[in-house]
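K.L.:
Before I ask anything, here is the structure I am working with.
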Amino acid sequence: VLTTSERMRGIRQRDTAPEVTVRRLLHHLGYRFRVCAKTLPGRPDIANQRGRWAVFVHGCFWHGHIGCRLYTVPKTNSAFWKDKIVANRERDRRKESQLRNLGYRVAIVWQCELSEPEVLLRRLLRVLPKGGEG
Ligand SMILES: [Zn+2]
Numbered sequence: 263v264l265t266t267s268e269r270m271r272g273i274r275q276r277d278t279a280p281e282v283t284v285r286r287l288l289h290h291l292g293y294r295f296r297v298c299a300k301t302l303p304g305r306p307d308i309a310n311q312r313g314r315w316a317v318f319v320h321g322c323f324w325h326g327h328i329g330c331r332l333y334t335v336p337k338t339n340s341a342f343w344k345d346k347i348v349a350n351r352e353r354d355r356r357k358e359s360q361l362r363n364l365g366y367r368v369a370i371v372w373q374c375e376l377s378e379p380e381v382l383l384r385r386l387l388r389v390l391p392k393g394g395e396g
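Those letters in the sequence shown? Residues 263 to 396, by our numbering.
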């Protein structure tokens, strides 16, 4: 029988698993960061203010990852879902450009990319500043 805290831990892990994975990967590469950069525009999931870089971790469905098998608009209420996801995408773009205007390098990590961590790592190293431990 699970204790309440074990159950809670399980729930939290499921909720944040992609973010936790990305944090672990970045940490492994030597990047250091604040877990939640709430003071920055767009509230990126991971950021380093001194090194001026930020990462958003996006769920493929909610953020509308075009061409992704995880992003398929439900058949029922499809207009509703499309509008919602288009709005999310526009908001994401605004957040990104706000940060870029402040001189930040911004990386978007899609949930589906986590299945190939080595490919993702190579991409992050290209996008984020070298020696970005900051
Ligand atoms: Zn995807």
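We put the CB at the ideal spot given by N, CA and C, even for glycine.
Predicted model only: the values in this text are computed from it and were never measured.
Measure the C-alpha to C-alpha separation of arginine 353 and serine 359 and round it to an integer number of angstroms.
P.N.:
Locating residue 353 in the sequence shown gives position 91, counting from the first residue. Locating residue 359 in the sequence shown gives position 97, counting from the first residue. Straight-line Cα distance between these residues: approximately 10 Å.
K.L.:
Since phenylalanine 318 sits in a beta bridge, which residues does DSSP pair it with?
P.N.:
The sequence position of residue 318 within the sequence shown is 56, counting from 1. According to DSSP, which records beta bridges pairwise, phenylalanine 318 is partnered with Ile370.
K.L.:
Between the alpha carbons of lysine 357 and arginine 294, how many angstroms are there, rounded?
P.N.:
Taking the first residue of the sequence shown as position 1, residue 357 is located at position 95. Taking the first residue of the sequence shown as position 1, residue 294 is located at position 32. Straight-line Cα distance between these residues: approximately 22 Å.
K.L.:
Here's a check: name, in chain order, each residue in its chain whose Cβ is nearer than 7 Å to the Cβ of valine 208, leaving out the five neighbours to either side.
P.N.:
Look at the range of the chain in this structure, 263 to 396, and you will see that residue 208 is not part of it.
K.L.:
Starting from the N-terminal side, write out each stretch of the alpha helix (DSSP H) that is 4 residues or longer and does not extend beyond the segment 301-368.
P.N.:
Segments of the alpha helix (DSSP H) lying fully in the segment 301-368: 340-363.
K.L.:
Return the CA-CA distance between isoleucine 349 and threonine 334, expressed in angstroms with no decimal places.
P.N.:
Counted from its first residue, the sequence shown places residue 349 at position 87. Counted from its first residue, the sequence shown places residue 334 at position 72. Reading the sequence as shown, one finds alanine at residue 349 and not isoleucine. The alpha-carbon atoms of alanine 349 and threonine 334 are separated by roughly 16 Å.
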